[in-house]
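Chemist: Note that our numbering has the sequence shown beginning at 16, numbered continuously upward. Heads up, the beta-carbon is just placed ideally off N, CA and C, and yes, glycines get one too. These figures come from a predicted structure and were not determined experimentally.
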Amino acid sequence: MEKWKPIDSGYFIKFYKEKLKNKEFLESDISKIIENSQDVLSKSINPKLPNNNGRLSSTNIVLGYIQSGKTTSMEAVSCMARDNGYKLIIILSGHVTNLADQTKKRVYKSLDMYGWDRLEIERGKKKILTHGNLNSVRNIIDISDAMEAYWLTAKRGKVGEIYNISGKKVISVRNYLKELKKLSKVKIKSKIDNRLLRPVDVTLQIADTTKFIRDTNWSPKISFKESMLKLLKECRKS
Numbered sequence: 016m017e018k019w020k021p022i023d024s025g026y027f028i029k030f031y032k033e034k035l036k037n038k039e040f041l042e043s044d045i046s047k048i049i050e051n052s053q054d055v056l057s058k059s060i061n062p063k064l065p066n067n068n069g070r071l072s073s074t075n076i077v078l079g080y081i082q083s084g085k086t087t088s089m090e091a092v093s094c095m096a097r098d099n100g101y102k103l104i105i106i107l108s109g110h111v112t113n114l115a116d117q118t119k120k121r122v123y124k125s126l127d128m129y130g131w132d133r134l135e136i137e138r139g140k141k142k143i144l145t146h147g148n149l150n151s152v153r154n155i156i157d158i159s160d161a162m163e164a165y166w167l168t169a170k171r172g173k174v175g176e177i178y179n180i181s182g183k184k185v186i187s188v189r190n191y192l193k194e195l196k197k198l199s200k201v202k203i204k205s206k207i208d209n210r211l212l213r214p215v216d217v218t219l220q221i222a223d224t225t226k227f228i229r230d231t232n233w234s235p236k237i238s239f240k241e242s243m244l245k246l247l248k249e250c251r252k253s
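1. The beta strand (DSSP E) that contains arginine 153, what's its start and end?
2. By the three-class DSSP mapping on this structure, what secondary structure does lysine 202 have?
3. On the three-state DSSP scale, how would you describe lysine 240?
4. Determine the burial state of serine 92: buried for a count of at least 16 other Cβ atoms within 10 Å of its Cβ, exposed for fewer.
5. Only counting runs of 4 or more residues, tell me where the alpha helix (DSSP H) segments fall wholly within the segment 27 to 67, in order along the chain.
6. In this structure, how does DSSP classify valine 217 when only helix, strand and coil are distinguished?
7. Let me confirm a value: alanine 96 is counted as buried when at least 16 other C-beta atoms fall within 10 Å, else exposed. Which label applies?
8. Alpha carbon to alpha carbon, how far is phenylalanine 227 from asparagine 150?
9. Report back the beta-carbon spacing between isoleucine 237 and aspartate 160 to the nearest angstrom; my notes put them in contact at under 8 Å.
10. Helix, strand or coil for tyrosine 129, going by three-state DSSP, please let me know.
11. Touching or not, the segment 141 to 149 and the segment 205 to 224, by the rule of three or more beta carbon pairs under 8 Å?
12. For alanine 169, does the count of other Cβ atoms within 10 angstroms reach 16, so buried, or fall short, so exposed?
13. Mark valine 215 as exposed unless 16 or more other C-beta atoms lie within 10 angstroms of its C-beta, in which case mark it buried.
14. Among the candidates Met243, Gly84, Ile221, Ile60, whose CA atom is the shortest distance from the CA of leucine 195?
15. Tell me the DSSP secondary structure of valine 92 in three-state form.
16. Just the C-alpha distance for lysine 200 and tyrosine 191, rounded to the nearest angstrom, thanks.
17. Looking only at C-alpha atoms, which of Arg138, Lys183, Val55 sits nearest to aspartate 223?
18. Mind reading off the beta-carbon distance from valine 217 to valine 185? Whole number of angstroms is fine, and I expect it under 8 Å.
19. Pull up the DSSP beta-bridge partners for leucine 144, would you.
20. Is the Cβ-Cβ distance between serine 57 and lysine 29 less than 7 Å?
21. Identify, in the order they occur along the chain, each residue of the same chain with its Cβ nearer than 8 Å to the Cβ of glutamate 241, setting aside the five sequence neighbours on each side.
Here's what the structure looks like:
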């Protein structure tokens with residue numbers, strides 16, 4: 016797999032750099048964090064290419080001492096990944112509950128998620144939810160169903176096979192946002208932020224899971240409504 020040069024001037028990484036400045040990080044340290052993040056991402060798959068050589072063997076590991084800045088590194092890489100077209104970012108934060116919760120709270124704020132915006136509005140800390148393109152249509156899957164699917168891939172999947180994993184619910188981002196607003200405790204105003212629009216966006220993402228279900232006998236168990244309620248309940252704890 017060939018290395019590529021991720022952009023380091025996108026909306027989310029700029030947003031994150033400002034957060035680091037507000038925390039009084041030195042400019043030299045911020046530059047090093049961005050440089051290291053770009054290096055890590057350059058060794059991963061380029062999501063904008065239609066085909067990636069070695070796509071099944073792209074694995075990276077970052078090691079660090081206690082309080083060495085590992086979470087900061089994960090946040091920076093995640094922000095840069097969003098700017099470079101990654102659609103799904105999974106952070107495994109360990110098995111110690113209080114430390115995992117601490118990491119979750121930090122990452123939620125640092126990545127400026129839609130869900131976090133919505134909760135900030137409920138708490139009166141923010142007035143308007145900003146968003147990018149709402150016209151994309153895609154499958155929605157609950158995280159619990161997704162994790163079970165990944166586990167079954169390892170147990171029952173065929174070595175070297177490529178699978179699609181997705182939920183049954185098909186919905187536009189616009190209607191997803193409408194459903195979130197309905198479940199909110201307050202009225203939410205939203206508007207488009209051009210900085211959140213990708214130069215190129217795939218507006219239709221509906222996966223065919225036939226092969227995966229055939230090989231693993233998997234099926235999603237959690238409904239769309241139940242999944243949204245779970246998400247909001249968890250976020251409201253933070």
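Modeler: To lay it out plainly:
1. 152 to 155
2. Three-state result, lysine 202: coil.
3. helix
4. The amino acid at residue 92 is misidentified as serine; the sequence shows valine. Answer is buried; the Cβ neighbour count reaches 16.
5. Complete alpha helix (DSSP H) runs here, min 4: 42 to 57.
6. coil
7. buried
8. 27 Å
9. 6 Å
10. Its pLDDT being 49, under 50, tyrosine 129 is placed unreliably by the model, and the measurement read from it follows with that caveat. Judged by DSSP in its simplified three-state form, tyrosine 129 adopts helix.
11. yes
12. exposed
13. Exposed, because fewer than 16 other Cβ atoms sit within 10 Å of the Cβ of valine 215.
14. Met243
15. helix
16. 16 Å
17. Lys183
18. Between valine 217 and valine 185 the beta-carbon gap is near 14 Å, outside 8 Å, which marks them as no contact.
19. Ser205
20. no
21. Shown here for glutamate 241: same chain residues with a beta carbon closer than 8 Å to its own, the five before and five after excluded, namely Asp157 in chain order.
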